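Numbering (our numbering), first residue to last: 731 to 1220.
Just so it is clear, CB atoms sit at the ideal spot from N, CA and C, and this is done for glycine as well.
Predicted model, so just to flag it, every value in this text is computed and none were measured.
Report on one structure; see the data block that follows.
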C-alpha cells in the first residue's frame, strides 16, 4: 500500500497535464471552458489569500513592537520554569555566517540562563568543522546556560546524511549530557531547531514562551515563526529574490490559516512530545514537515501548529554566479517539493491508526494531495494551456467564436492578476533590509522584477514540483537524497 501512495501524487499530476493536452486535441471547447473557469478560480483565490496576507502582515508588525519579556512577566512566575533547547545543525557553512546566527541568539531579549544551545557539527565536515565549533564555543560558551558541541558520526546505518539525522543525534546528546543531569522536566523545555543561517528576531523566545503558556494545548502544539529570506537579499539574482519573497508570503498566508499550517524549516515544539516520537526521522529529506506528521499520527490527530506571527531571518538562495544560483534555487525548490514523501507516510499510517478521527484523516489527506497536486500542475494550466486548444484543437474549433475569445478571456483574467503582483511588489519593498555597503539598491528595479513572476512560478515552482513527484512515483534510483542549500554571503 505504501508504494501505491508514493505513486499517487505523480500519477495524478501527469494524468492532469497529459489529459488536458489530449483533450485540447479531441475536445478543445471543453478544455477552453475549463481553462477560463480555472483562471477565474485562481483570481478569486488570489484575492482571498491577499486578505490572509494582509492580516498576517499587520499582526507581524504589531508583534515586532511588543516587549514580550515584559508580557511574560505580567503572566506571573510560571514562565520562569520554562527553558529552551536550541539546535543549530551545520555542515560546511562559513565561520562568519554561523557567527552572525549566534550573535542573533546572544542578542535575544530573554534570560540567557534559560537557553541551552547546541551546535550540531557533522563529522563529514572534518577538522575544519571542529575548528569553527571551538572558536564559537570560546566566544559564546559562557553567554548561555549551556553551550554544547555535538559531532554527528558519518555513515551510520539506516540514515540519510542530512539535517534530520544530525538534529536527532544532537537532541539525544543534549538529553544525555545536559538536560537529564540537571533533572529539568521535559514538559518545561521547548526545543527549537534552526537552519544555521537563522537569526531569530530579538523577542522570539519571549513570544514563543508566551504562546506556549497561553496555548489551549501547549504540549500538543508545534510553534511556527515566519521565515523571511532577507539576510543576503541584495546579493542574489532577481529570480532568487522573487522566490524568496514568494516563500515568505506563502508562510504569512498560512499563519492566518492555522488549521492548515505545517512546520517548515526553523520551528519549535515541546521536548516531551519530540522525545516520545523519537525526534526527527533520520532516513528522510523533508524532516521539518515530517515531524509535524509524526506528531499528528502519534497523538491520533490531536496536534496543531500555533502561528507566532513573528520573524526569523534567513538566507535567500545564492551562488558564485548567475547560473550556479539558478541551479541551486531549482534544487532547493525540488527538495522542498520532495515533501510529497509525507503523503505515503501519513496516509499509510492513517490507514493503520484506528484512534484518529476519520474527519482528521480525510482533512489532512485532502490538504496534502490537493496542495502538492496544485503545486505541480497549476502554473502549467494557467500559463501554457490557455493557448493549447487554439494550436492543436483542429480547424473547426479554431474558426469558432470560443477560440477567438479564449485568449482575450484568459488575458483579461491574467491582467486582473497583475493587481496581486503589484501588491506583492510593494509589500516586498517593506521587507527589504538596508544595504550596508556599496551603491543603494535600485528599488524601482526591485519593483519591476515582480513582472517576471509568471516565468519564475513556472520554472521554480511547477517544474521542480513535477520533477520531485515524478521521482517519488518512479522510485528506486530516482529518489532524492538530502541536498544542502549552499550558504554564500558576499
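Tell me, which residues are paired with residue i by DSSP?
i: residue 1133; result: Paired residue(s): none; residue 1133 is not in a bridge.
i: residue 1125; result: According to DSSP, which records beta bridges pairwise, residue 1125 is partnered with nothing at all.
i: residue 1212; result: Paired residues: none, contrary to the question.
i: residue 820; result: 851
i: residue 813; result: 919
Got a sec, what are the start and stop residues for the beta strand (DSSP E) residue i sits in?
i: residue 876; result: 876–882
i: residue 851; result: 845–852
i: residue 739; result: Unbroken run through residue 739 is the alpha helix (DSSP H), 732–756; no beta strand (DSSP E).
i: residue 999; result: 997–1000
How far does the alpha helix (DSSP H) with residue i in it reach, from first residue to last?
i: residue 954; result: Note, residue 954: premise wrong, no alpha helix (DSSP H); beta strand (DSSP E) at 951–958.
i: residue 1148; result: 1148–1161
i: residue 1193; result: 1193–1204
i: residue 829; result: 825–836
i: residue 1186; result: 1183–1187
i: residue 798; result: 798–803
i: residue 861; result: 856–870
If residue i and residue j are in contact, beta carbons under 8 angstroms, what's the gap, nearest whole angstrom?
i: residue 862; j: residue 825; result: 5 angstroms
i: residue 927; j: residue 896; result: That belief does not hold up - the Cβ atoms of residue 927 and residue 896 are roughly 15 angstroms apart, past 8 angstroms.
i: residue 838; j: residue 932; result: 6 angstroms
i: residue 953; j: residue 999; result: 7 angstroms
i: residue 1176; j: residue 1151; result: About 13 angstroms; that fails the 8 angstroms criterion.
i: residue 1127; j: residue 1119; result: 6 angstroms
i: residue 848; j: residue 880; result: 6 angstroms
i: residue 959; j: residue 986; result: Between residue 986 and residue 959 the Cβ distance is about 20 angstroms, and since that is not below 8 angstroms, they are no contact.
i: residue 894; j: residue 1063; result: 19 angstroms between Cβ atoms; not a contact.
i: residue 740; j: residue 1200; result: 5 angstroms
i: residue 1212; j: residue 891; result: 6 angstroms
i: residue 1047; j: residue 966; result: 7 angstroms
i: residue 908; j: residue 878; result: 6 angstroms
i: residue 715; j: residue 956; result: Absent from the model: residue 715. The displayed extent of the chain is 731 to 1220, so no value can be given.
i: residue 814; j: residue 935; result: 6 angstroms
i: residue 1027; j: residue 1076; result: 7 angstroms
i: residue 1001; j: residue 793; result: Incorrect: roughly 24 angstroms between the Cβ atoms, too far for contact.
i: residue 1030; j: residue 1085; result: 4 angstroms
i: residue 949; j: residue 904; result: Their Cβ separation, rounded to whole angstroms, is 19 angstroms, which puts residue 949 and residue 904 out of contact at 8 angstroms.
i: residue 1068; j: residue 1188; result: Residue 1068 to residue 1188, Cβ: 19 angstroms. No contact.
i: residue 686; j: residue 1071; result: Summary: the structure shown does not reach residue 686, with the chain confined to residues 731 through 1220, and so no result is reported for it.
i: residue 711; j: residue 753; result: Any property of residue 711 remains undetermined from this structure, which presents the chain solely from 731 to 1220.
i: residue 723; j: residue 1116; result: Residue 723 lies beyond the residue range present for the chain, which begins at 731 and ends at 1220; the question has no answer from this structure.
For the ligand NAD, I want to know if residue i counts as a neighbour, meaning its beta carbon is within less than 6 angstroms of at least one of the ligand's heavy atoms.
i: residue 1079; result: Within the structure as shown, the ligand NAD is missing, as the structure has no ligands at all.
Quick check: the stretch 1012–1030 against the stretch 982–1001, are at least 3 beta-carbon pairs closer than 8 angstroms?
Yes, they touch.
Any beta strand (DSSP E) of 3 or more consecutive residues that is wholly inside the stretch 899–975:
Complete beta strand (DSSP E) runs here, min 3: 919–923 and 951–958.
What are the start and end residues of each continuous alpha helix (DSSP H) run of 4 or more residues lying completely inside the stretch 1009–1047, in chain order?
Within the stretch 1009–1047, the complete alpha helix (DSSP H) runs of at least 4 residues are 1017–1028.
Contained alpha helix (DSSP H) runs [length at least 4] in the stretch 1052–1128, N- to C-terminal order
If one requires a minimum length of 4 residues, the alpha helix (DSSP H) runs lying completely within the stretch 1052–1128 are 1052–1067, 1072–1082, 1088–1113, 1118–1122 and 1125–1128, in chain order.
Taking 8 angstroms as the threshold, find out whether the stretch 836–843 comes into contact with the stretch 977–988 through three or more Cβ pairs.
No: the two stretches stay apart, fewer than three of their Cβ pairs being nearer than 8 angstroms.
With three or more beta-carbon pairs closer than 8 angstroms as the criterion, would you say the stretch 936–947 touches the stretch 792–808?
They touch, by the three-pair rule.
Any contact between the stretch 862–875 and the stretch 1185–1196? By contact I mean 3 or more CB pairs, one from each, below 8 angstroms.
The answer is no - the stretch 1185–1196 does not touch the stretch 862–875, with fewer than three Cβ pairs under 8 angstroms.
Whether or not the stretch 1108–1120 and the stretch 1057–1066 are in contact is what I'm after, with contact meaning three or more pairs of Cβ atoms, one per stretch, closer than 8 angstroms; do they touch?
Pairwise C-beta distances place the stretch 1057–1066 out of contact with the stretch 1108–1120, as fewer than three of them are shorter than 8 angstroms.
Please determine if the stretch 813–823 and the stretch 852–862 are in contact, where contact requires at least 3 C-beta pairs separated by less than 8 angstroms.
Taking a contact to require three or more Cβ pairs closer than 8 angstroms, the stretch 813–823 and the stretch 852–862 qualify as touching.
Given 8 angstroms, three or more beta-carbon pairs between the stretch 1140–1147 and the stretch 765–776:
Segments in contact, yes.
Specify whether the stretch 1178–1190 and the stretch 1089–1096 touch according to this definition: at least 3 beta carbon pairs, one from each stretch, less than 8 angstroms apart.
Pairwise C-beta distances place the stretch 1178–1190 out of contact with the stretch 1089–1096, as fewer than three of them are shorter than 8 angstroms.
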